[in-house]
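Residue numbers (the numbering used here), protein chains in the order written: chain Y, 133 to 503; chain E, 660 to 895.
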């Protein structure tokens, strides 16, 4: 590129020198001087043109560098859309945001089963239905030789909070749609307490009886039902297990005693580990850390509601945030971090670099030849 | 409502959420050009349970009828139903799902199923399920013309674990519901028992509960609860 330019410069310098030397002689014909001057100005124009072209070439070689820099900058700042994760956490309370309709599977209750917040009670036993209607009960405590929470049907858009206490497991259900339905089965000697009333005399159900507790009206699914609280007593060595939940969001918070008789909301996490296979990061969670997941797609989710509760979850999240003290950070890796961990992607980067080099070389070859 | 059910019928029929068998043929899959899925599937068993495998009314076609090429299956109801045909025995895991319009006759050829499974016709269970009511709604299936008027239905249930007794009751909500202990109801796992249920003459819904006590720990299995849907369900 520079060789033709320097040759043109030499020619131009020669022409300038010749014009100057001829000008010194008085006898030089005017026509010759004019021709020399013309020639010099043409050479000047050519040199200027060549220099402009060289500048343009230099500008073009800057473009790819700029492009790569921009791509790297964007990749380093934009996080990946969804981060795969696997979580094992111990907590005293876990709130699951359930985007789809879900049903909690059958749980045996070792002791008392309390359900608070129902709006209607159905049963094949007319006396039970009448007692609930008379008391206008929204609360029932059941103690039977055999008690089973047969199912708990939750509409789409329910917030389910599971709290593990020493002797009970609490399920708090807050739904935006109706109805929430709890199916209960009892067998043997049974005592029931409806509302604030006195316990009913013990009944014997030798073959068993079912109760269906509805929260909200099935005829008006758009109405927000009152919150429901289900409390299951548990024996010393048994802990209810919930599997098959498909939460879209996860929160770990609970109310604690605060100053001035007003409870404060605090993190419920006792400890655990969060593994992010995308970047092979492992985050150790300590008591009091705040952890939030949104846009979860769950492959596996198992809860053992003992003390503390254990949650094992794997899947991916659109948003994962961890706050330790005052420091909050997103656990989602940037695209750059993500691709830098993947060999397949590094292979692509490598081949792209080689390709770019080859193209640059070919272009230089063509640029060197006269047009 | 009529319009809605007609639209449902026009849409593609959905197979049951089963895992098609990988080891036996024919595997469970949709039958081309028909509202029906049929074949072998794989099964996993978790908690103990009681299940309904058949609910029919009236006599069955003569067992020795070799010329039988198509069963006339009929369910007397106003709703759109799903017919399920499966073995009453614990195996093999072969199943047919078909769309059936209430009060119409579905012709179904049992020969492929009997040939593939080695079962007899009397080993098959027939269920006509409706999606309505909070409970599984079941319509008694008639397999012969005379069965359509029968006043009694035969419910075949089976248990997934050994049980010491089976009891059942048929009732209307708000009325007296007395349990009947089924005779000879000490059952092995997957053994079946037939419960005779009198269908109400008014053709309205009848609730049925079936209860069984596990032999291992003396605790009751989760109840089997269903609603038998008659031709007048949904009318005042």
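We treat Cβ as the ideally placed atom computed from N, Cα and C, and that holds for glycine.
Taking 8 angstroms as the threshold (beta carbon to beta carbon), is residue i in contact with chain E?
| i | result |
| --- | --- |
| residue 278 (chain Y) | yes |
| residue 238 (chain Y) | yes |
| residue 339 (chain Y) | yes |
| residue 493 (chain Y) | no |
| residue 282 (chain Y) | yes |
| residue 455 (chain Y) | no |
| residue 256 (chain Y) | yes |
| residue 233 (chain Y) | no |
| residue 317 (chain Y) | yes |
Would you mind giving the Cβ-Cβ distance between residue i and residue j, rounded to the nearest angstrom? I have them listed as a contact below 8 angstroms.
| i | j | result |
| --- | --- | --- |
| residue 386 (chain Y) | residue 224 (chain Y) | 6 angstroms |
| residue 274 (chain Y) | residue 210 (chain Y) | Contact flag wrong, Cβ pair sits at about 54 angstroms. |
| residue 816 (chain E) | residue 880 (chain E) | Not a contact, Cβ separation roughly 11 angstroms. |
Note the first and the last residue of the continuous beta strand (DSSP E) segment covering residue i.
| i | result |
| --- | --- |
| residue 753 (chain E) | 753-760 |
| residue 715 (chain E) | 709-716 |
| residue 304 (chain Y) | 300-307 |
| residue 822 (chain E) | 822-830 |
| residue 672 (chain E) | Neither: residue 672 (chain E) is in no beta strand (DSSP E) and is coded neither H nor E. |
| residue 216 (chain Y) | 215-223 |
| residue 432 (chain Y) | 429-436 |
| residue 464 (chain Y) | Taken as a continuous stretch (DSSP letters only), residue 464 (chain Y) belongs to no beta strand (DSSP E), as it is neither H nor E. |
| residue 441 (chain Y) | 441-449 |
| residue 733 (chain E) | 730-734 |
| residue 278 (chain Y) | 271-286 |
Quick one: is residue i near chain Y, going by C-beta distance under 8 angstroms?
| i | result |
| --- | --- |
| residue 833 (chain E) | yes |
| residue 830 (chain E) | yes |
| residue 884 (chain E) | yes |
| residue 660 (chain E) | With a pLDDT of 36 at residue 660 (chain E), under the threshold of 50, the modelled position of this residue cannot be trusted; read the value that follows with caution. For residue 660 (chain E), the answer is no, since every Cβ of chain Y falls outside 8 angstroms of its Cβ. |
| residue 666 (chain E) | Because residue 666 (chain E) carries a pLDDT of 36, less than 50, the predicted location of this residue cannot be relied on, and the following value inherits that uncertainty. False, the Cβ-Cβ gap to chain Y never drops below 8 angstroms. |
| residue 870 (chain E) | yes |
| residue 879 (chain E) | yes |
| residue 874 (chain E) | no |
| residue 845 (chain E) | no |
| residue 767 (chain E) | no |
| residue 719 (chain E) | no |
| residue 702 (chain E) | no |
| residue 801 (chain E) | no |
| residue 865 (chain E) | no |
| residue 669 (chain E) | Legend: pLDDT at residue 669 (chain E) = 39, less than 50; position of this residue unreliable, no value from coordinates given. |
| residue 680 (chain E) | no |
Name the two residues that bound the continuous alpha helix (DSSP H) containing residue i.
| i | result |
| --- | --- |
| residue 471 (chain Y) | 467-472 |
| residue 260 (chain Y) | 258-267 |
| residue 775 (chain E) | 770-776 |
Taking just the CA atoms, how far does residue j sit from residue i?
| i | j | result |
| --- | --- | --- |
| residue 498 (chain Y) | residue 479 (chain Y) | 29 angstroms |
| residue 259 (chain Y) | residue 326 (chain Y) | 12 angstroms |
| residue 663 (chain E) | residue 789 (chain E) | Legend: pLDDT at residue 663 (chain E) = 37, less than 50; position of this residue unreliable, value from coordinates given subsequently. The straight-line gap from Cα to Cα measures roughly 14 angstroms. |
| residue 714 (chain E) | residue 251 (chain Y) | 34 angstroms |
| residue 756 (chain E) | residue 700 (chain E) | 12 angstroms |
| residue 747 (chain E) | residue 850 (chain E) | 9 angstroms |
| residue 752 (chain E) | residue 358 (chain Y) | 44 angstroms |
| residue 143 (chain Y) | residue 491 (chain Y) | 34 angstroms |
| residue 674 (chain E) | residue 321 (chain Y) | 43 angstroms |
| residue 437 (chain Y) | residue 867 (chain E) | 34 angstroms |
| residue 874 (chain E) | residue 401 (chain Y) | 42 angstroms |
| residue 831 (chain E) | residue 864 (chain E) | 8 angstroms |
| residue 313 (chain Y) | residue 483 (chain Y) | 59 angstroms |
| residue 219 (chain Y) | residue 407 (chain Y) | 6 angstroms |
| residue 716 (chain E) | residue 889 (chain E) | 12 angstroms |
| residue 214 (chain Y) | residue 284 (chain Y) | 31 angstroms |
| residue 133 (chain Y) | residue 175 (chain Y) | Below a pLDDT of 50, predicted positions are generally treated as unreliable, and residue 133 (chain Y), at 49, falls in that range; no measurement from the model is reported. |
| residue 698 (chain E) | residue 743 (chain E) | 12 angstroms |
| residue 383 (chain Y) | residue 248 (chain Y) | 23 angstroms |
| residue 651 (chain E) | residue 335 (chain Y) | With chain E covering only 660 through 895, there is no way to say anything about residue 651 (chain E). |
| residue 222 (chain Y) | residue 442 (chain Y) | 5 angstroms |
Buried or exposed for residue i, going by 16 or more other Cβ atoms inside 10 Å?
| i | result |
| --- | --- |
| residue 173 (chain Y) | exposed |
| residue 464 (chain Y) | buried |
| residue 352 (chain Y) | exposed |
| residue 750 (chain E) | exposed |
| residue 226 (chain Y) | buried |
| residue 296 (chain Y) | buried |
| residue 233 (chain Y) | exposed |
| residue 106 (chain Y) | In the structure as shown, chain Y begins at 133 and stops at 503. Residue 106 (chain Y) is therefore absent and cannot be evaluated. |
| residue 307 (chain Y) | buried |
| residue 736 (chain E) | buried |
| residue 423 (chain Y) | buried |
| residue 457 (chain Y) | exposed |
Just checking residue i against the ligand SAH - is the residue's beta carbon closer than 7 angstroms to any of the ligand's heavy atoms?
| i | result |
| --- | --- |
| residue 803 (chain E) | The ligand SAH is absent from the structure shown, which contains no ligand whatsoever. |
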